[in-house]
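> Protein chains in written order, with the numbering used here: chain A, 1 to 212; chain B, 1001 to 1212; chain C, 2001 to 2212; chain D, 3001 to 3212.
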DNA sequence: TATGAATGAGACTTCATTCAT
DNA sequence: GATGAATGAAGTCTCATTCAT
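#1: What residue range does the alpha helix (DSSP H) around residue 2028 of chain C cover?
#2: Under 8 Å between C-beta atoms, does residue 1118 of chain B make it to chain A?
#3: Identify each residue in the stretch 2136-2169 of chain C for which the Cβ-Cβ distance to at least one residue of chain D is less than 9 Å, and report them in chain order.
#4: Pull up the distance between the alpha-carbon of residue 3043 of chain D and that of residue 3142 of chain D, whole angstroms please.
#5: Can the beta-carbon of residue 2115 of chain C be found less than 8 Å from the beta-carbon of residue 3031 of chain D?
#6: Can the beta-carbon of residue 2096 of chain C be found less than 8 Å from the beta-carbon of residue 2163 of chain C?
#7: Sorted by chain position, which residues of the same chain lie with C-beta nearer than 7 Å to residue 3137 of chain D's C-beta, five sequence neighbours on each side aside?
#8: With DSSP collapsed to three states, give me the class of residue 3130 of chain D.
#9: Cβ of residue 1 of chain A less than 8 Å from any chain B Cβ?
#10: Given a threshold of 16 other Cβ atoms within 10 Å of its Cβ, counted over all protein chains shown, does residue 3070 of chain D qualify as buried or as exposed?
#11: Counting only C-beta atoms, is residue 1004 of chain B closer than 8 Å to chain A at any point?
#12: Going by beta-carbon coordinates alone, are residue 2093 of chain C and residue 2081 of chain C separated by less than 8 Å?
#13: Can you check the stretch 88-165 of chain A for any alpha helix (DSSP H) of at least 4 residues that lies completely inside it and give the ranges in chain order?
#14: Would you verify that the beta carbon of residue 3031 of chain D is, or is not, closer than 8 Å to some beta carbon of chain C?
#15: Cα separation between residue 1155 of chain B and residue 178 of chain A?
#16: Under the three-state reduction of DSSP, which class applies to residue 3211 of chain D: helix, strand or coil?
#17: List the whole-angstrom C-beta distance separating residue 3051 of chain D from residue 3111 of chain D, where the pair is believed to meet the contact cut-off of C-beta under 8 Å.
#18: For residue 1195 of chain B, collect the residues of the same chain with a Cβ closer than 7 Å to its Cβ; drop the 5 residues on either side in sequence, then sort them by chain order.
#19: Considering only C-alpha positions, which residue in the set A/100, A/174, A/60 is nearest to residue 125 of chain A?
#20: Which whole-angstrom value is the C-beta distance of residue 2122 of chain C and residue 2168 of chain C, which I expect to be below 8 Å?
#21: I'd like the list of long-range same chain contacts for residue 2054 of chain C, defined as Cβ closer than 8 Å, with 5 residues on each side in sequence excluded.
#22: Is DSSP giving residue 3036 of chain D helix, strand or coil here?
#23: Could you tell me the boundaries of the alpha helix (DSSP H) in which residue 2077 of chain C lies?
#24: Interface residues of chain B around residue 207 of chain A at Cβ under 7 Å?
#25: Does DSSP put residue 182 of chain A in a helix, in a strand, or in coil?
#26: I need the DSSP call for residue 3047 of chain D, collapsed to helix, strand or coil.
#27: So, is residue 79 of chain A buried or exposed, given that buried needs 16 or more other C-beta atoms within 10 angstroms?
#28: What's the C-alpha gap between residue 2021 of chain C and residue 3127 of chain D?
#29: Measure the Cβ-Cβ separation of residue 2176 of chain C and residue 2102 of chain C and say whether it is below 8 Å.
#30: What's the gap between the Cα of residue 139 of chain A and the Cα of residue 1084 of chain B?
#31: If we count the other Cβ atoms within 10 Å of its Cβ and call it buried at 16 or more, is residue 1005 of chain B buried or exposed?
#32: Would you report the Cα separation of residue 1199 of chain B and residue 150 of chain A, rounded to the nearest angstrom?
#33: Just how far apart, CA to CA, sit residue 2145 of chain C and residue 2131 of chain C?
#34: With residue 3193 of chain D and residue 2197 of chain C assumed to form a contact (beta carbons below 8 Å), what rounded beta-carbon distance in angstroms separates them?
#35: Hey, is residue 3034 of chain D's beta-carbon within less than 8 Å of any beta-carbon in chain C?
#36: Can you name the residues of chain B whose CB is closer than 9 Å to the CB of residue 171 of chain A?
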């Protein structure tokens, strides 16, 4: 009598994934503020107090979404861009994996970037993730430079990497908004913009402002 | 002491500017949703009903901010990048003006982009403005191409322009977050990324994905 | 310089009528609470402070409307139902005038009755007007009774009169809602209901509840 | 003292009735617009959000009141005026039930009619209910006519029924305003006005306007 | 006289969050 | 473990009403 198993009692890990799925869906559809815990709970097929018990506050819930989606994305990219490939190959594989991920999880992307960029509480989280990306890209550039016996100040590398990441994010936004667009083609376009410029830099060509 | 100037009963145009100033400030500090009309009104030194009477709903107020800041920015850029300059000069002047504007109105930039990107009601407004920028950049590229007797499909040009604009926005975000950074230096960096890559494209160099 | 005549300076009486016209129109269209002083002032082509200066508070303004419309209606009825006519003639003329008035001033009727009946502040005003109508009707009945040498307690007469007035109001409501309906026909119908029953009463026929 | 009954956490159905009770009370005391959701909630001994959660918007809440009171009244009338009685008996029983109901639920009556008559959103609801009453009355008249081998156009019957209903409503208003008045006596009076006139009509007597 | 400018007050409504069962 | 019931707090918006010009 005391141990009658209830069919509803799923293990905690499963329930949490259901909730995160629902949360990502609702957050991406409505935005952080407009999303209501009611809708998330209902969409997850669970009662609100459960959501609070498992994943905490609305803000914490959003951060949990961010974490999960970020981890998935970084995993996809890292898996594709093996460190032992030549730099241009790594960049291409990384970009293709990135746009492939965005194309496959447009919801997640919307949550990750568009929502988070706006409000302070999540800026930190987002900045951390972007920093990791920038670091990876800067590492590729550095790797390529050293292979040619050249060297550039770390700051400069970072800014260039930042711009490349920004351009990628922008195209990813564009991709998320165009359901019919092909991720691979988008990746190729980005590669054209990114690699041609980067290759020049790698070869020591630089542009300097006119004395005016 | 007897001639204290009368601070109240200002004409409508003046009050509207005060309100917009306050709104830009509060929106950029708190984000659209977290910003309260109370705080905006108080910051403008006026009562809430006046804000509603002059500038309408919270949403309309935000759009009014967007419009004003956008117009200012486009004016600054258009004034700097005269159409009769050679393309690289135009791009450089335009970028310098753009980053200069962002550096000078970091509040406005935050409102313009970061907030608006998130929520649907403003996506349209923002897309329109970005479209104008993209168009200008694509025009520059096209101009340069024709000068070299070459031609590229409009779609391709637009995607490249889109990526460049995205990279600029990203650096602008970075600039807005780093109060000590110099706009002109940031513009130079962006120019390096943008122009070197673009110049390659202009010369007919392209990158193609490996057959894998 | 001090007596330059302004074309806008209409005499007070005219302005007041304009305001009342506008007020009746807006009150009847929106109802008392939903009507806004702004709309009334704008509809009257005058500024709000003027409305307050001339006709006072919103509540006072509504009562002013009530008064004017009431007076007009009573005048129309009294003018038609001359006291020296035989009772059935008076009733008929009165009813015809009443429905004619309602048909011609559907706005005014809506203000008068539908709005006022609901809220306490105006119940008094309305009751007073209805009391005058009831009194007139009861007077007719009494007159007819005496002509036949009969007499009935005043209370009874009043209740009957009250019911007749109520039935008339009801048909008037119906008339106000049916723009295509003809006032005269409606009056005839009411006369059928009213006079046939009243005539019976006048003849001493009464109905008594069964002992059950 | 240790077994103080728990007044809180009542089941939904109970709370809804409490809320409706409070709403009817407040609406009838203040009128729709002047009534505040705060007061209703407080009167129901519950917080405002519960009212919204269970019964929705203020407007929806009012309509819910209308429905409940209407249903109760129609039930009372239908239960009293059995269709197998002779017409005059049905009319009498129906009227007695009607005035009995109004006398017992003066609050409800005020909500039902006086408030609803004024504003558009409820006109439909009210019209529907009145239409059912009119239909019932017209049915009685038709029944009586056929019993005497006569027939009258449906439209005419309806207008007569409408007038009778209007007269009843008017007397009901009067009853609601006179706490000391006896419902049964009022019903008798109404019966006198209604039945005597109707009986004449049933017998084929009609009144025609003079050629003037 | 006439009005644009201004506001205090208050209404409805929605949420994130927590008890008590 | 799970949930229906419950609420404090806040936010947007509107309106009648009054100054000061």
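Virtual Cβ for every residue (Gly too), placed ideally from N, Cα, C. Source: prediction; values computed, not measured.
Concretely, from the data shown:
#1: Here the alpha helix (DSSP H) through residue 2028 of chain C covers 2012-2030.
#2: For residue 1118 of chain B, the answer is yes, since a Cβ of chain A falls inside 8 Å of its Cβ.
#3: Taking 9 Å as the Cβ-Cβ cut-off, the stretch 2136-2169 of chain C approaches chain D at 2156, 2159, 2160, 2162, 2163, 2164, 2165, 2166, 2167, 2168, 2169, given in chain order.
#4: A straight line joining the alpha-carbon of residue 3043 of chain D with that of residue 3142 of chain D spans about 46 Å.
#5: The answer is no: Cβ separation not under 8 Å.
#6: Residue 2096 of chain C is not a Cβ neighbour of residue 2163 of chain C, given a cutoff of 8 Å.
#7: So the qualifying residues of the chain are 3161, 3164, 3165.
#8: Three-state DSSP puts residue 3130 of chain D in a helix.
#9: A caution first: residue 1 of chain A carries a pLDDT of 40, below 50, which makes its placement in the model too unreliable to give a value.
#10: The residue is buried, with at least 16 neighbouring Cβ atoms inside 10 Å.
#11: Any reading at residue 1004 of chain B needs caution, since the residue's pLDDT is 38, under 50, leaving its predicted position unreliable; the model's value is listed next. No, no contact with chain A.
#12: With contacts defined by Cβ atoms closer than 8 Å, residue 2093 of chain C and residue 2081 of chain C form a contacting pair.
#13: DSSP runs (the alpha helix (DSSP H)) wholly in the stretch 88-165 of chain A: 106-109, 120-147.
#14: Answer yes: the Cβ-Cβ gap between residue 3031 of chain D and chain C drops below 8 Å somewhere.
#15: Distance between the alpha carbons of residue 1155 of chain B and residue 178 of chain A is about 14 Å.
#16: Residue 3211 of chain D falls in the coil class under three-state DSSP.
#17: Not quite, the Cβ-Cβ distance comes to about 16 Å (not below 8 Å), so this is no contact.
#18: Setting aside the 5 residues that flank it on each side, residue 1195 of chain B is surrounded in the same chain by 1088, 1091, each with a C-beta closer than 7 Å to its C-beta; the list follows chain order.
#19: Answer by Cα proximity: A/60.
#20: About 20 Å separates the CB atoms of residue 2122 of chain C and residue 2168 of chain C; that is not less than 8 Å, and the two are not in contact.
#21: Closer than 8 Å at the Cβ level, and outside the excluded window around residue 2054 of chain C, lie 2012, 2015, 2016, 2019.
#22: If DSSP states are grouped into helix, strand and coil, residue 3036 of chain D belongs with coil.
#23: In the DSSP assignment, residue 2077 of chain C falls within the alpha helix (DSSP H) that extends over 2058-2080.
#24: One finds 1191, 1192, 1195, 1196 in chain B with Cβ atoms closer than 7 Å to the Cβ of residue 207 of chain A, taken in chain order.
#25: In the displayed model, residue 182 of chain A falls within coil according to three-state DSSP, outside both helix and strand.
#26: In this structure, DSSP gives residue 3047 of chain D a state outside helix and strand, which the three-state scheme calls coil.
#27: Label assigned to residue 79 of chain A: exposed.
#28: A direct Cα-Cα distance of roughly 29 Å separates residue 2021 of chain C from residue 3127 of chain D.
#29: Yes; because the gap between Cβ atoms is below 8 Å, this pair is in contact.
#30: As the crow flies, the alpha-carbon of residue 139 of chain A is around 40 Å from that of residue 1084 of chain B.
#31: Only weak support is given to the placement of residue 1005 of chain B: the predicted model assigns it a pLDDT of 41, under 50, and the value that follows is read from those uncertain coordinates. Only exposed fits residue 1005 of chain B, as fewer than 16 other CB atoms lie within 10 angstroms of its CB.
#32: If you take the alpha carbons of residue 1199 of chain B and residue 150 of chain A, they lie about 22 Å apart.
#33: Cα to Cα, residue 2145 of chain C sits roughly 21 Å from residue 2131 of chain C.
#34: The pair is a contact, with the Cβ atoms about 5 Å apart (cut-off 8 Å).
#35: Output row for residue 3034 of chain D: interface = yes.
#36: Counting only Cβ-Cβ distances below 9 Å, residue 171 of chain A has contacts in chain B at 1159, 1162, 1163, 1166, in chain order.
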